[in-house]
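Participant: Chains as they are written, first to last, in my numbering: chain A, 2 to 249; chain B, 43 to 640. The structure under discussion is supplied below as structure tokens; questions concerning it will follow.
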Amino acid sequence: MADTMAADAGTRRLTVRIKRYDPEQGGEPRWQEFQVDAHPMDRVLDVLLSIKWNQDEALGLRRSCAHGVCGSDAMRINGKNGLACKLLVNTLQGDVLTVEPILGLPVIKDLIVDMKPFFDHYKSVMPYLVNDDPPPTTERLQSPEERARFDETTKCILCACCTTACPPFWGNEKYVGPAAIVNAHRFIFDSRDQAAAERLEILNDGEGVWRCRTVFNCTSACPRDIHVTKAIQEVKHAMLTGSTSLND
Amino acid sequence: MAALEASRRVGTAVVSKLYPTRSHTGAAQGGIAAALANLEDDSWENHAYDTIKGGDFLVDQTAAEILCREAVECIYDLEHMGLPFDRTVDGRISQRRFGGHTKPNPKYDPSAPAGTEAAKPRIPVMRSCHSADRTGHMILQTLYQQCIKQGVAFFDEFHMLDLILEDGECRGIVAIEIATGALHVFHAKSVLLATGGFGRMFKVSSNAYALTGDGPAIAYRHGMPLEDMEFYQFHPTGIYRLGILLSEACRGDGGIMFNGQGERFMERYAPNLKDLASRDVCSRSIYQEVRAGRGIGGKDYVHLDIRAETMNKYKSSPLHPDQNVDSHWVEKRLPDIIEFARTYLGVDPIKEPMPIQPTAHYAMGGLPTDLDGRVHRNARDVVPGLYSAGESACLSVHGANRLGTNSLVDLVVYGRRSGRAMADYASRVEFHSIPAHPEAAAKAAIDDLLGRPRTEPWARLRDEMQATMMDHCGVFRTEETLVKARDDIANLKQRYQRLGVQDKGSVFNTGLLEILELGNLLDLAEATVASALARRESRGAHSREDFPNRDDNAFFKHSLAFANGQEGARVEYKDVDVIHVEKDGERVPKYPLEVRKY
């Protein structure tokens with residue numbers, strides 16, 4: 002990992018610029034620079050943790066799984082949203098690494114933002130299966146084709162990379178945002194679900210899908226390679242045609 | 043799962059140090075076992091036998107039978123909740139093969155020549171219900187979605203510091219709100235610990251940073267025992283150096299491990315199941331290849347090959363012998379694995395093999411619990427009000443070695459049972475009183491840490507703990523290495539007492555929390571090493587080179603490690619639960635002890 006690998010021939014001296022904010026000191030956020038010897042196969046997360054463990058224990062960031070499945074460490078890295086654990090040092094251009102919190106959510110400390118507004122939007126779209134029929138004694142049947150219809154949007158890990166890359170969301174915090182629409186899509190197109198109409202009604206609201214300006218920032222920000230903009234367009238289409246069938 | 047079940051009848055809150063969707067259940071990949079028999083004949087009895095044999099007979103047999111029987115309805119339950127399983131062509135839940143999951147070979151002939159199909163008493167079975175290679179993610183999301191639907195209260199990013207124990211009962215917990223540093227007291231009729239594993243005590247681990255065993259460690263400091271801590275599973279196929287998991291589904295779907303000489307070395311160690319032998323067997327085999335100088339380029343790793351041409355050459359996929367596979371099929375079955383290898387290894391597994399080494403993965407041991415998830419304070423008595431489920435608990439359904447896909451089914455089956463039991467208990471009892479300041483001890487510990495200057499980086503102690511546990515209490519152990527590990531951990535615990543926190547703030551003081559988590563890992567490491575020292579035999583994942591055989595006369599029993607102050611840990615034992623049946627007028631064990639071979 003970073004620093005401890007310093008003896009390797011392949012290490013590289015990085016200047017890491019981090020946007021710091023300490024709520025207990027108050028004032029404006031400030032930029033701070035650190036020097037780190039990083040291995041090319043190190044993750045950006047390894048670089049940041051090396052700073053936290055060896056230089057400044059107060060550095061605030063979230064992390065858990067460190068391989069791109071838990072969604073804790075979304076941040077703005079060299080101007081683009083991503084997970085710090087999915088970006089390797091060897092993919093960086095130049096020797097300066099700039100890291101700041103994701104945009105559009107209140108900053109609590111350093112790279113940590115308040116996720117509550119994000120999860121409130123998520124919860125507003127009924128992100129759960131609704132089916133009031135008595136279940137059969139075994140599984141409900143679903144064909145591989147029906148299952149494939151919503152496969153892409155089941156991959157969402159709620160990291161907020163997409164929503165906080167979205168210019169309409171930056172301009173209007175009430176917009177439900179791409180991640181909430183992705184999670185609505187996951188159920189709207191599930192053949193077992195019965196609440197598509199209600200979700201479409203919720204998203205037809207002034208703060209729903211029509212805020213999307215198809216900027217495609219969400220799609221390029223998604224660390225799970227979900228075609229977010231396409232999913233949003235499919236929800237809009239369902240709203241206009243009133244149909245979620247396979248043949249549309 | 044427990045919260046969802048309990049909340050159907052009583053007020054329920056989930057206190058979690060992470061946002062719940064960040065939990066490490068979400069990293070589970072290959073599937074969840076249940077004998078649905080959707081693609082071929084199978085039965086819960088087959089599953090129970092595999093589980094008991096997989097655990098090298100240290101499994102509590104009633105618990106294992108319940109696990110395998112209730113697994114079937116639990117899977118349907120999850121499907122009804124919306125879990126998006128992959129489907130068969132006729133719309134049913136799809137299933138795949140996994141290590142150690144077998145059924146009797148209908149063509150078995152004891153007189154058949156070795157190496158032929160008919161010589162194998164058991165053959166692999168498709169039992170693992172899956173959603174590509176992200177089954178854990180789907181389970182976690184589905185359960186969270188259903189909890190939202192049902193209105194379960196969540197206290198996100200609250201870190202548990204202490205249990206409130208009064209008159210021998212558990213009456214709540216103390217937690218710190220990470221965003222503010224405020225201490226909170228949760229007064230409850232019943233508490234369930236589902237804090238997961240503690241793989242972060244080892245240097246190379248598949249576990250998340252958050253997996254520091256907070257629940258078992260706090261209970262251990264309160265005098266409760268930890269069961270079977272010497273049994274820690276190393277998963278054979280971790281990404282070289284990083285330890286990130288490459289699912290056993292790779293081998294279930296036909297992937298093969300090769301050494302530096304290009305040999306399929308598992309043929310030597312497990313002639314019948316080969317790469318689909320249980321995890322402990324595969325991990326030991328890799329270590330032995332490396333020790334014999336047969337690692338890749340003589341180094342400490344081997345290759346895992348999931349290329350279609352390799353599967354076709356060895357006819358190892360589930361589609362063989364009827365048809366070959368292509369890379370499109372492999373990509374569809376293992377999309378996340380392929381992406382992990384491309385991202386973290388810079389290797390495209392469609393075109394080349396992946397460098398792998400065993401990685402610390404799963405604790406078979408934990409808080410001793412019964413069939414209702416109730417935590418026991420010794421071999422007989424429960425702690426009223428205290429429950430545990432999942433990796434933090436030890437039922438024991440995994441014994442000395444867990445089979446792949448049995449952890450997800452454990453947390454679903456026994457999460458559900460525990461949730462029901464704690465709702466029963468909470469409906470029956472009144473709130474009992476708690477002390478005036480139950481947070482006093484936790485507050486004093488935090489004030490101490492904040493009051494002391496930073497003497498040395500806490501991360502240095504962590505690195506030393508992880509190195510000694512990996513080198514001296516890992517896949518292979520001896521008296522000598524374990525004594526070294528014991529002394530190292532004792533020394534680290536002394537140095538730990540002098541640590542101070544550099545960050546003196548209240549808001550998101552994650553430095554403070556990391557030090558508290560290190561304290562938990564050190565206590566669990568102490569119990570692990572003491573239990574490993576005391577068990578002078580080899581069984582399942584516990585492999586003593588100085589005692590290479592299983593010793594059923596002396597050690598057919600579970601260990602219980604108790605905290606014992608400066609002395610380290612004290613180890614006691616309790617019996618394994620064995621089912622007897624009538625046969626020819628005699629009571630005989632239903633699962634007779636046998637030598638475990640694959």
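Glycine included, each C-beta is placed from N, C-alpha and C at the ideal position. In this text, all values refer to a predicted model and were calculated from it rather than measured experimentally.
What is the rounded straight-line gap between the Cα of residue 172 of chain B and the Cα of residue 114 of chain B?
Facilitator: Each residue's Cα considered, the two are about 14 Å apart.
Participant: Between residue 344 of chain B and residue 396 of chain B, is the Cβ-Cβ spacing less than 7 Å?
Facilitator: Taking 7 Å as the Cβ cut-off, residue 344 of chain B and residue 396 of chain B do not qualify as a contacting pair.
Participant: Quick one: using the 10 Å Cβ neighbour count with 16 as the cut-off for buried, is residue 562 of chain B buried or exposed?
Facilitator: It is buried - the Cβ of residue 562 of chain B has at least 16 other Cβ atoms within 10 Å.
Participant: Check for me: the alpha helix (DSSP H) holding residue 189 of chain A runs from which residue to which?
Facilitator: That run of the alpha helix (DSSP H) goes 178–189.
Participant: Less than 7 Å between CB atoms is the rule here; does residue 126 of chain B satisfy it with respect to chain A?
Facilitator: For residue 126 of chain B, the answer is yes, since a Cβ of chain A falls inside 7 Å of its Cβ.
Participant: Residues in its own chain within less than 7 Å of residue 309 of chain B by CB, not counting five upstream and five downstream?
Facilitator: Once the five neighbours on either side are set aside, the close Cβ partners of residue 309 of chain B are 316.
Participant: Assuming residue 282 of chain B contacts residue 399 of chain B under a Cβ cut-off of 8 Å, what Cβ separation, rounded to an integer in Å, is found between them?
Facilitator: Contact flag correct, Cβ pair sits at about 5 Å.
Participant: Residues in the same chain with beta-carbon distance under 7 Å from residue 580 of chain B, minus the five sequence neighbours each way, listed in chain order, please.
Facilitator: If we look at residue 580 of chain B and ignore the five residues flanking it on each side, its Cβ neighbours are 586, 589, 590, 591, 592.
Participant: Count the other C-beta atoms from every protein chain shown that fall within 10 angstroms of the C-beta of residue 44 of chain A, then say buried if there are 16 or more, exposed otherwise.
Facilitator: The residue in question, residue 44 of chain A, is buried, as its Cβ has 16 or more Cβ neighbours within 10 Å.
Participant: What do you reckon, are the CB atoms on residue 415 of chain B and residue 47 of chain B nearer than 7 Å?
Facilitator: Result no, Cβ atoms of residue 415 of chain B and residue 47 of chain B do not sit closer than 7 Å.
Participant: Residue 642 of chain B and residue 150 of chain B: beta carbons closer than 7 Å?
Facilitator: Past the boundaries of the shown model lies residue 642 of chain B; chain B is included only from 43 to 640, so the question cannot be answered.
Participant: Among A:41, A:205, A:189, A:190, which one has its Cα closest to the Cα of residue 95 of chain A?
Facilitator: When each option's Cα is compared against that of residue 95 of chain A, the closest is A:41.
Participant: Using beta carbons (cut-off 7 Å, strictly below), is residue 11 of chain B in contact with chain A?
Facilitator: The requested residue 11 of chain B is not part of the displayed model; chain B covers only 43 to 640.
Participant: Between residue 550 of chain B and chain A, is the shortest Cβ-Cβ distance under 7 Å, so that the two count as touching?
Facilitator: It does; some Cβ of chain A falls within 7 Å.
Participant: Indicate the three-state DSSP secondary structure (helix, strand or coil) for residue 135 of chain B in the structure shown.
Facilitator: Strand.
Participant: Along the alpha helix (DSSP H) that carries residue 239 of chain B, what are the first and last residues, could you check?
Facilitator: From DSSP, residue 239 of chain B is part of no alpha helix (DSSP H); its letter is neither H nor E.
Participant: Determine the chain B residues that contact residue 116 of chain A at a beta-carbon separation under 7 Å, and present them in chain order.
Facilitator: The answer, in chain order, is 61.
Participant: Closer than 7 Å, CB to CB, is residue 128 of chain A near chain B or not?
Facilitator: Yes, because at least one Cβ of chain B sits closer than 7 Å to the Cβ of residue 128 of chain A.
Participant: Between the Cα of residue 267 of chain B and the Cα atoms of B:573, B:626, B:66, B:640, which residue gives the shortest distance?
Facilitator: Comparing Cα-Cα distances from residue 267 of chain B to each of B:573, B:626, B:66, B:640, the minimum goes to B:573.
Participant: With a threshold of 7 Å between beta carbons, is residue 113 of chain A in contact with chain B?
Facilitator: Closer than 7 Å to some Cβ of chain B, the Cβ of residue 113 of chain A qualifies, so yes.
Participant: Taking the straight line between their C-alpha atoms, what separation do you get for residue 204 of chain B and residue 465 of chain B?
Facilitator: Each residue's alpha carbon lies about 22 Å from the other.
Participant: So what does residue 14 of chain A bridge to, in DSSP terms?
Facilitator: Per DSSP, A:38.
Participant: Determine contact between the region 222–229 of chain A and the region 74–93 of chain A, defined as no fewer than three beta-carbon pairs at a distance below 8 Å.
Facilitator: At 8 Å Cβ cutoff, the stretches touch.
Participant: Please decide whether residue 545 of chain B counts as near chain A, where near means a Cβ-Cβ distance under 7 Å.
Facilitator: True, the Cβ-Cβ gap to chain A drops below 7 Å.
Participant: Can you look up residue 598 of chain B in the DSSP assignment and give me helix, strand or coil?
Facilitator: Residue state, collapsed to three classes: coil.
Participant: What is the rounded straight-line gap between the Cα of residue 72 of chain B and the Cα of residue 480 of chain B?
Facilitator: Straight-line Cα distance between these residues: approximately 42 Å.
Participant: Since residue 96 of chain B is in the alpha helix (DSSP H), which residue starts that stretch and which ends it?
Facilitator: Looking at the DSSP string, the run of the alpha helix (DSSP H) that includes residue 96 of chain B is 86–96.
Participant: With distances taken Cα to Cα, identify the nearest neighbour of residue 411 of chain B among B:437, B:238, B:533.
Facilitator: Ranking the options by Cα distance to residue 411 of chain B, first place goes to B:437.
Participant: What residue does the beta strand (DSSP E) around residue 68 of chain A start on, and which one ends it?
Facilitator: Looking at the DSSP string, residue 68 of chain A is not in any beta strand (DSSP E), and its letter there is neither H nor E.
Participant: Give, in chain order, every unbroken run of the beta strand (DSSP E) that is at least 3 residues long and sits entirely within the region 434–493 of chain B.
Facilitator: As far as the region 434–493 of chain B is concerned, it has no whole beta strand (DSSP E) run of at least 3 residues.
Participant: Near residue 578 of chain B, what residues of its chain come up, given a Cβ to Cβ distance below 6 Å and the 5 sequence neighbours on each side ignored?
Facilitator: For residue 578 of chain B, where only same-chain residues beyond five positions count, the Cβ hits under 6 Å are 589.
Participant: I'd like to know whether the C-beta atoms of residue 338 of chain B and residue 391 of chain B end up nearer to each other than 7 Å.
Facilitator: Result no, Cβ atoms of residue 338 of chain B and residue 391 of chain B do not sit closer than 7 Å.
Participant: Using DSSP with H/G/I as helix, E/B as strand and the rest coil, what is residue 103 of chain A?
Facilitator: Note: residue 103 of chain A maps to coil in three-state DSSP.
Participant: Taking the Cβ atom as the reference point for each residue, do residue 401 of chain B and residue 170 of chain B lie within a distance shorter than 7 Å?
Facilitator: The answer is no: Cβ separation not under 7 Å.
Participant: Can you tell me which of the three DSSP states residue 209 of chain B falls into?
Facilitator: It is coil, neither helix nor strand.
Participant: Where do the ends of the beta strand (DSSP E) carrying residue 624 of chain B lie?
Facilitator: Segment 622–625, the beta strand (DSSP E) holding residue 624 of chain B.
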